[in-house]
Every structure is written in structure tokens, then in C-alpha cells.
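Q:
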Amino acid sequence: MTKKRWVAIGIAVALLVVRGFSFGSTNDSVTDVLSEDGVTEVVVTERSLDEKIALLKVDGTIGPSEEGGLFGSEGYNHDIFMSTLKKIEEDETVKGILLEVNSPGGGVYESAEISRALTHLQKDRKLPIYVSMKNMAASGGYYISAKADKIFATEETMTGSIGVIMSGLNMSGLLDKLGVKDESVKSGDLKDIGSSTRKWTEKDREVLQEMVDTSYNRFVNLISEGRSMPVEDVKKIADGRIYDGTQALENGLVDEIGFPDQALEGLRKDKKLKEASVVEYEASSKLLSGYLGKSWLGASAKKMFKNQKVDMDSIVKNSSTTEAPRLMYQYGGE
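Each residue of the sequence shown is one higher than the one before, counting from 5 in our numbering.
1) For M332, which residues from the same chain have a beta carbon less than 8 Å from its beta carbon, with the 5 sequence-adjacent residues on both sides left out?
2) Tell me whether the beta-carbon of R222 lies closer than 8 Å to the beta-carbon of L257.
3) Check whether the region 52-66 touches the region 145-154, taking contact to mean three or more Cβ pairs, one atom from each stretch, closer than 8 Å.
4) For the 8 Å Cβ check, are there 3 or more pairs between the region 267-282 and the region 54-64?
5) Between the region 260-268 and the region 90-108, can you find at least three pairs of beta-carbon atoms closer than 8 Å?
6) Quick check on the burial criterion: 16 or more other C-beta atoms within 10 angstroms. Buried or exposed for L226?
7) Evaluate the contact criterion for the region 234-245 versus the region 121-128: three or more CB pairs, one atom per stretch, below 8 Å.
8) Can you tell me which residues form a DSSP beta bridge with V344?
9) Check this for me: beta carbons of S288 and T49, under 8 Å apart or not?
10) Return the Cβ separation of L131 and V98 in integer angstroms, given the expectation that the two are a contact with Cβ distance under 8 Å.
11) With distances taken from CA atoms, which of R120, G79, R129 is nearest I92?
12) Looking only at C-alpha atoms, which of W204, D193, F156 sits nearest to G177?
13) Using the Cα positions of E279 and D153, report the straight-line distance between them to the nearest angstrom.
14) Closest to L212 by C-alpha separation, out of D95, H82, R202, G198, would be which residue?
15) Please list the terminal residues of the continuous alpha helix (DSSP H) segment that includes L253.
16) For L38, name the three-state secondary structure that DSSP assigns.
17) Quick check on the DSSP output: the alpha helix (DSSP H) that includes K190 runs from which residue to which?
18) Look at the alpha carbon of D180 and the alpha carbon of S115, and state the distance between them as a whole number of angstroms.
19) Going by CA-CA distance only, name the one from L53, R51, L89, S52 that's closest to Y285.
20) Suppose you measure from the CA of D193 to the CA of N255; what does that come to, to the nearest Å?
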């Protein structure tokens with residue numbers, strides 16, 4: 005977290021103090037606020053607690069947690085998700101994982117980090133992983149699913165979009181018409197590669213295309229390994245197009261048509277986990293953390309400033325540097 009972001013958090017806390025620290029009723033304890041991993045286990049279906057099935061959810065765009073602003077959103081939070089995987093790794097009573105995916109994908113780094121952690125749980129902890137694709141599991145959403153033991157999708161699921169994109173806009177033509185000229189001073193011709201304020205050169209396109217192609221090949225190889233398909237067969241269906249669940253099944257991208265409850269029942273039956281309890285995980289309240297999306301501070305501040313002329317997310321956004329264009333495993337790009 006940058007110094008500017010910490011300053012922004014300090015401003016937010018100061019505003020809360022000025023307002024009298026009016027949080028309303030809360031059940032959070034001091035221990036919960038300062039918990040080590042920031043993740044709390046919640047029992048969804050209680051049977052035997054000697055065996056548990058971990059229910060994980062990736063809902064929304066896969067990306068760094070800071071993208072949601074200081075107070076975050078109700079969508080995907082990468083820090084929390086990775087903390088959850090760490091908690092599962094240390095819990096010997098977890099005997100299986102059901103991963104529900106509803107995502108258009110997102111960053112290549114975050115997608116790869118999730119896939120790596122899940123693969124570790126499969127190989128080192130010997131945990132079976134079943135995936136249930138909901139409305140959408142496209143691009144990075146498919147990337148994190150590809151190595152699962154079994155993938156379920158509904159007929160209505162949108163999946164596929166296998167590929168890589170680096171979105172960008174070029175305003176050089178408009179700037180020329182306005183009489184505005186890019187006068188950047190740089191140490192080399194490619195220092196401002198991908199600039200939106202000057203015309204791209206052939207070398208620009210060549211270098212960026214090489215990066216996209218390399219990332220694409222990693223994606224293809226991961227699917228080849230996870231789905232036991234020859235690389236050439238994967239490439240035939242990995243041209244960026246999307247598939248519904250039935251088409252994905254026909255092309256070997258998923259194993260069965262079914263909803264989350266059917267995927268759960270399949271996991272119980274296949275892996276002899278009929279008596280296992282189902283647990284999921286939620287963010288604990290943490291004051292001193294890089295993610296405050298579901299904390300008492302975030303929730304209270306949102307409520308407090310709902311009708312005020314103070315946009316707390318903008319405080320952070322305006323104090324942070326703008327991200328450069330990046331490689332994305334994302335349907336439609338940014």
C-alpha cells in the first residue's frame with residue numbers, strides 16, 4: 005500500500021472521529037478486529053465437523069483488492085480469497101473444495117496466483133476440487149477452473165473466451181486536431197510503449213504482441229494439462245470466442261451440466277463425503293489491513309456518508325497513481 009493510500013485512510017478515520025465515531029450496533033470484538041488472517045469460517049450445512057467441504061466463491065472481476073477503493077465492494081476481494089485458501093491449507097478437517105465461479109475473468113497475475121494455490125491444495129493436501137460455473141466463467145474465470153477434478157456448468161453458463169487482451173485507447177489523432185503534441189523526454193524509443201498520446205510504431209505493436217502471445221501460450225498449456233487435451237486441440241477452441249454450457253461440454257471444457265447443488269452432491273458422492281459439513285468463509289473486521297470491504301469501518305462509513313457530500317472512495321482514488329495498461333484474462337477487456 006502506498007504512502008498516499010495510508011494518508012487517505014488516515015483522513016477517513018479522522019472524519020469518523022470528528023463525526024463522533026457513531027457506528028451504531030455491532031457484534032465485532034476487539035479480537036476480531038485484530039485477527040491474524042482476517043477470515044472467519046461460517047457453517048452453511050452442519051453434519052460432521054470432523055469432515056468439511058469448503059465452499060469458495062469467486063464473484064466478480066478478478067483483480068487486486070485495492071481496485072475496489074478504500075471501502076471496497078461486495079464483489080471479489082483478492083486478499084480475502086488468498087487468505088481463505090491459506091486457512092484451508094492449514095485446516096486438516098477440510099476434505100474437499102467446491103468452487104463457485106461467476107466471473108468475466110481479470111488480471112493475469114491474480115488468475116495465475118489463484119490457480120497456483122488451488123493446484124497446491126490438490127497436490128499437497130490431496131483435496132478434490134469441483135467447480136460450479138454460474139452465470140459466467142469466462143477467460144480468467146475459466147483459467148482458475150481448468151485444473152479442477154470436475155467442472156459443472158449450466159446450459160445457460162457463458163464460458164470460454166480463452167485468450168489474452170491488453171486494452172487501450174489512442175488519442176493521438178484527436179490531439180493532433182486540437183494542436184496538442186506529446187513532448188515526452190525518454191531514454192529509449194520504447195520507454196513509453198503503449199502511450200495513448202502518440203501514434204504507435206510497428207515496434208510498439210511487435211513487443212506488446214509478443215507479451216500477449218506468451219501469456220496466451222501459458223493459458224493454453226494450463227488448459228492442456230488440466231483437461232488432458234493436446235495443445236493443438238486446445239488452440240482450435242481458444243480463439244477468444246465464448247461458449248454456453250452445452251457447447252463447452254461438447255468441446256471438452258466442462259464435464260457435466262448442473263447447478264451448484266448438483267456439483268455439491270457429485271462431490272459428496274464421488275469422494276465419499278456424505279456426512280461432511282459445508283463451510284464458507286467471510287472477511288473478519290480488520291481495522292489495520294489493506295482490505296476494508298466488509299469491515300465495520302467500511303460499512304459504517306458508507307452508511308454515515310450516504311447522504312453527505314463526501315465521496316470516500318474518491319479520496320483514495322484521487323490519492324493513488326493511475327495503473328498502466330496490463331495483460332488481462334478478461335472477457336471483453338477493460
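For every residue, glycine included, the Cβ atom is placed at its ideal position computed from N, Cα and C.
A: The relevant details are as follows:
1) Beyond the five residues adjoining it in sequence on each side, M332 comes within less than 8 Å, by CB distance, of G109, G110, G111, V112, S143, G144, V168, I169, M170, S171, E338 in the same chain, given in chain order.
2) Contact flag unset, no.
3) Here the region 52-66 makes contact with the region 145-154; the two share three or more CB pairs at distances below 8 Å.
4) Yes: at least three Cβ pairs fall under 8 Å.
5) Yes, they touch.
6) Per the 10 Å Cβ criterion, buried.
7) With the cut-off at 8 Å, the region 234-245 and the region 121-128 do not touch.
8) Residue 344 falls outside the range modelled here, since the chain spans only 5 to 338, and no answer is possible.
9) No; because the gap between Cβ atoms is not below 8 Å, this pair is not in contact.
10) Between the beta-carbon of L131 and that of V98 there is about 7 Å, and that keeps the pair under the 8 Å contact cut.
11) Nearest option by C-alpha distance: R129.
12) That would be W204, whose Cα lies nearest to the Cα of G177.
13) The C-alpha of E279 lies about 20 Å from the C-alpha of D153.
14) When only C-alpha atoms are compared, the closest one is G198.
15) Element bounds for L253: 249-254.
16) In this predicted model, L38 has a pLDDT of only 34, less than 50, meaning its place in the structure is not dependable; the value taken from the coordinates is given anyway. If DSSP states are grouped into helix, strand and coil, L38 belongs with coil.
17) K190 -> no alpha helix (DSSP H), and no H or E assigned at all.
18) The straight-line gap from Cα to Cα measures roughly 39 Å.
19) It is L89 whose Cα lies nearest to the Cα of Y285.
20) Looking at the two C-alpha atoms, the distance is approximately 44 Å.
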